[in-house]
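Student: Got a structure here, written out as structure tokens. Questions coming.
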Amino acid sequence: MAVVKILNVVGDSTKSWDDAIQNAVAEAAKTVDNISGIEVLNQTANVKNGKIVEYKANIQIAFRVDR
3 MAVVKILNVV GDSTKSWDDA IQNAVAEAAK TVDNISGIEV LNQTANVKNG KIVEYKANIQ
63 IAFRVDR
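Numbering follows my numbering, in which position 27 of the sequence shown is assigned residue number 29; successive positions increment by one, without gaps.
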């Protein structure tokens with residue numbers, strides 16, 4: 003029987019939400035093996051002087067746990 007765990011992660015970027023998501027997955031992959039999928043829960047941004055200066059993505063990362 004396979005066991006899958008879920009990890010909540012927030013990624014950020016000064017470029018885009020897609021880049022923030024990629025950064026979150028890349029950072030998690032440094033310490034988590036067997037990542038099988040993600041779900042984007044929400045996207046937010048910091049704004050200064052009417053312009054987005056930082057994109058943030060809150061995601062859940064699913065990964066298989068080997069027994």
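Glycine is no exception: its CB is placed at the ideal position from the N, C-alpha and C atoms.
Assuming residue 21 is part of the beta strand (DSSP E), what are its boundary residues?
Tutor: That residue, residue 21, is in no beta strand (DSSP E); its alpha helix (DSSP H) goes 19-31.
Student: State the DSSP-derived secondary structure class of residue 34, mapped to helix, strand or coil.
Tutor: coil
Student: Go ahead and pull the three-state DSSP assignment for residue 69.
Tutor: coil
Student: Residues in its own chain within less than 8 Å of residue 42 by CB, not counting five upstream and five downstream?
Tutor: Annotation for residue 42: 23, 59, 60 and 61 place their beta carbon closer than 8 Å to its own, counting only its chain and skipping 5 residues before and after.
Student: Counting only the same chain and skipping the five closest in sequence on each side, list residues whose C-beta sits under 6 Å from that of residue 46.
Tutor: Cβ contact annotation for residue 46 (same chain, cutoff 6 Å, sequence separation greater than five): 58, in chain order.
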